[in-house]
Every structure is written in structure tokens, then in C-alpha cells.
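**Q** Take this structure first; my questions come after.
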Amino acid sequence: MNIDVTKLDTVCDAAQPWQLGSQEGATPIMQGIIELHNDICHFLFLILGFVSRMLVRALWLFPFPSGLPNKWIVHGTTLELLRTILPSIIPMFIAIPSFALLYSLDEIVDPILTIKAIGHQWYRTYEYSDCFDGTDKALTFDSYPIPESDPAMGQSRILEVDNRVVLPAKTHIRILVTAADVPHSWAVPSSGLKCDAVPGRLNQLSTFILRGGVYYGQCSELCGTNHAFTLWPGNLTQYLPASPNHTASTISSKQPHLPLSCQASSTCHMIHCSSTVVVEWSRTVRSVGIEVVRPTRLYTEKP
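See below:
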């Protein structure tokens, strides 16, 4: 069975000049973080307004030279109750949604795809644990930052790499993070992902990317001289469309083979099956970290 999938235009998720606030959330977790931040800001503005009003009122009505204390402020029972009860109620409104978000951060849904990110000084190695290169070995590649003096037209300075990480959108993905030399930190701000990469320790993240696009991240742990140039760019695709505006080698293969036993369809595989879903790639290899793309063709192979 052949399924033609409409290609989606990728969007660039990176910090913009003079940007205020977070990048647009590309995952439910990041959207939850932004909403929690906005909710907390409401409480902060209420507290700021109340405290400012009390301070201005006290300074205006009872200036220091008068020396007259205000009985309502110094010995006011009502005020004492308010400033005792309110500070205990407000943290509850902040804690309840934050607990739900923290639980979601640690929840690991059965992943369709597992990828391993290994930190080095100063590049990254990625391994698709469920995908194979035609042998029994998992698909593995290195991702090096492109030097400042060698970016292509349209590429961002110190944000590009020679091999992007390609991930499917609207698919549960598990990311295993570790390091080979010194501690690093794998982070993609627009996806709400951040995890320490510690030598000898395997940490994990779970994510569900909502849209296709190019997402940028950098190492968030001081790891040596070139720490600022250690990148995590990649393509989060509903699979990866070819782009004639970039020059590089073109891949056209039937890798990776993703063994699935799915009972529900998703934008990633879009079929009901109990067999192997083969994603046929036809794209131009470009630089930059994480790219979310869409497959050009999907078909099934009976087991």
C-alpha cells in the first residue's frame, strides 16, 4: 500500500533579535511551561500591586518626621490575618499546576522511536536505536558545528551543524542522553527539553513534537573551550522534505525501518498495521540540529 504524504513547510524555531519571552512551544510540555509561567506572572503582579499600594500609602499618610504610628497597621487583626493566610493560599495555586507539569516531564510513554545523544568535546554523536544501516548495527552519525567562517547562504552563525538530527512529528520519542568525556547538557528551548549528559550515566527524555520545523539548541553545561559552539540543531519533520535551496548530498533510501505494532494512526505513520512501516527518505542533507519532517512515501512490508 502506498500513501502520498503532503509535504509541510518547515519553520525556524530559534531566538530572534530583541525577543522577549520564550520561543513558541513545539511540544505539549513547552506549552505547559509557558502557560505556567503566564499564570505565575498574574500572581506576581497581584502581589506587586498590593505591596506597592501598602508601601506608598504608609509613606504618604505617615511620613517619618510625624513619628505617629498607625494603630490599624501595627495592631490590625484583619491585616494580620490577610498577610498570613494569603501567602499560604497563593503557593497552593502555583503548586498544583506545577506538580502536574513535573509529573508530565518524568512520564515516559511507549516510544515509537528511540534516539541516543552522546556528548563529546565539542560535537555530538547520535544513534537511532530502532533504525539500522543495512546491517545489524544501529544507524549512527556525528554532528559537528559549522565554523563561523563557513556558513552557507541563509544559515545562522554558530547555530548550524553538518548533520541534523531528523525526528518525526506527532510521534512519541524517547531520547537517551549521555557523554563520552566531560559533563554536557542537551537542550532545545522551543521543545522544553533539557537534560544533563553525564559520563557513565544514561538519562532519558520523552517528547511529542507537534509540528514540523527546524529547532535549535546549544550545550547548557560548561564543557570546555568551545562550550559556546556545541550545538543541538535538528529537523523535526512530519518527515523531511527536500529543499532545493541548500546544497549537499542527497539521500534516497528505504532507511530507517521502523518496526511498529500500532493500533491507532498518527501523522507520522498514518496507517493501521501490524507490520513493518518503511519510511522512504528523499531529501537533501542539510546542516543544523533537529529537523522535523514528513516522509515522502510510506508503505508496509508484511512480516
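Its first residue numbered 80, the sequence shown is counted upward by one per residue in the numbering used here.
Glycine included, each C-beta is placed from N, C-alpha and C at the ideal position.
What you are looking at is a predicted structure, and each value in this text was computed from that prediction instead of being measured.
1. For I197, count neighbouring Cβ atoms within 10 angstroms of its own Cβ and tell me buried if that reaches 16, exposed if not.
2. Let's see if you can read the secondary structure: which residues bound the beta strand (DSSP E) around I252?
3. Should P224 and V240 be called a contact, given that it needs their Cβ atoms to be closer than 7 Å?
4. Figure out for me which residue from V267, A94, L281 has the closest Cα to the Cα of A259.
5. Taking 7 Å as the limit between beta carbons, can you name the residues of its chain near H199, skipping five residues before and five after?
6. The beta strand (DSSP E) that contains T286, what's its start and end?
7. Would S285 and R253 be called neighbours here (beta carbons separated by less than 7 Å)?
8. Looking at the structure shown, is L154 part of a helix, part of a strand, or coil, going by DSSP?
9. Provide the residue span of the beta strand (DSSP E) that contains L99, from first to last.
10. What three-state label does DSSP hand V358 in the structure shown?
11. Does I175 come out as helix, strand or coil in the three-state DSSP assignment?
12. Tell me where the alpha helix (DSSP H) around F129 begins and ends.
13. On the DSSP bridge assignment, give the partners of A276 in chain order.
14. Using 8 Å for Cβ pairs, my map puts L180 next to G111. What's the rounded Cβ distance?
15. Which residues in the same chain as F220 place their Cβ atom closer than 8 Å to its Cβ, once the five residues preceding and following it in sequence are excluded?
16. Name the DSSP bridge partner or partners of L218?
17. Quick one: Cα of P338 to Cα of D209, how far?
18. With which residues is V188 paired in a DSSP beta bridge?
19. Among the residues of its own chain, which have a CB less than 6 Å from the CB of L255, if the five just before and after it don't count?
20. Counting C-beta neighbours from all protein chains within 10 Å, is the total for W97 16 or more, i.e. buried, or is it exposed?
21. Only counting the same chain, and skipping five residues up and downstream in sequence, which positions put a Cβ closer than 8 Å to that of A276?
22. Hey, would you say M133 sits closer than 7 Å to S270, going by beta carbons?
23. Please return the same chain residues whose Cβ sits closer than 7 Å to the Cβ of S235, not counting the five positions on each side in sequence.
24. Could you give the DSSP three-state label for G292: helix, strand or coil?
25. Can you tell me whether H336 is helix, strand or coil according to DSSP?
26. Taking C-alpha atoms, which residue in T193, E159, F172, E186 lies nearest to N117?
27. Use the C-beta contact count for T156: other C-beta atoms within 10 angstroms, 16 or more gives buried, fewer gives exposed.
28. Determine the direct distance from the alpha carbon of C274 to that of D185, and round the result to whole angstroms.
29. Which word fits P170, buried or exposed, when buried means at least 16 other C-beta atoms lie within 10 angstroms of its C-beta?
30. If you reduce the DSSP assignment to three classes, tell me which class Y182 lands in.
**A** The short version:
1. buried
2. 251-258
3. yes
4. L281
5. A259, D260
6. 282-287
7. yes
8. Note that residue 154 is His in the sequence shown, not Leu. The answer is coil: DSSP assigns H154 none of H, G, I, E or B.
9. Premise fails: L99 is in no beta strand (DSSP E) and is neither H nor E.
10. Unreliable positioning characterises V358 in this predicted model, as indicated by a pLDDT of 35, which lies under 50. A coordinate reading is not provided.
11. helix
12. 107-140
13. H263
14. 5 Å
15. T204, Y205, N242
16. Y207
17. Its pLDDT being 32, under 50, P338 is placed unreliably by the model, and nothing is read from it.
18. Partner(s): none; V188 has no beta bridge.
19. K195, L281, Q283
20. exposed
21. A196, I197, G198, V256, T257, A258, P262, H263, S264, W265, N282, E300
22. no
23. A93
24. strand
25. Low local confidence applies: a pLDDT of 34 at H336 is under 50, so the model's placement there is unreliable, with the coordinate-based value given in what follows. Residue state, collapsed to three classes: strand.
26. F172
27. exposed
28. 12 Å
29. exposed
30. helix
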